[in-house]
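A.B. asks:
Numbering (our numbering), first residue to last: 125 to 247.
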């Protein structure tokens, strides 16, 4: 597996198929994959305007301030096609209201279970 990742990072592979995630942010964060310095930028994608927009978007708190930035990110993405998505899995976690200690934002798929030792059941 290490040699596959090395080949992906060095850009010596013709193609690769891998799982892509945006981490546990409340909103998707494309830095790791679409920023030129991102750790999961296996496509070796480099667009200075994309980098600038991603950095700007990460500094905005309000949705209405982020929206035009991410709209432009999408436009550039559609034009450049740095990666091609084959599928998107939507995660839904449902818990009984008696279960306490859950994270405030349980959006990150299976990662929520890494903190299961902090949960308890309220009687």
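Where is the CB? At the ideal position from N, CA and C, for every residue including glycine. Fair warning: this is a prediction, and the values are worked out from it, not measured in the lab.
#1: Over the uninterrupted alpha helix (DSSP H) stretch that includes residue 126, give me the two end residues.
#2: What is the C-beta distance between residue 204 and residue 171, in whole angstroms, given that I count them as a contact (C-beta under 8 Å)?
#3: By the 10 Å Cβ neighbour count, where 16 or more other Cβ atoms means buried, how is residue 155 classified, buried or exposed?
#4: Alpha carbons only, please: which of 238, 180, 185, 141 is nearest the one belonging to residue 210?
#5: Rounded to a whole number of angstroms, what is the C-alpha to C-alpha distance between residue 192 and residue 246?
C.D. replies: According to the structure data:
#1: Note, residue 126: alpha helix (DSSP H), 126-134.
#2: That belief holds up - the Cβ atoms of residue 204 and residue 171 are roughly 6 Å apart, short of 8 Å.
#3: Under this definition residue 155 is a buried residue.
#4: In this structure, 141 is the residue among 238, 180, 185, 141 with its C-alpha nearest to the C-alpha of residue 210.
#5: Each residue's Cα considered, the two are about 43 Å apart.
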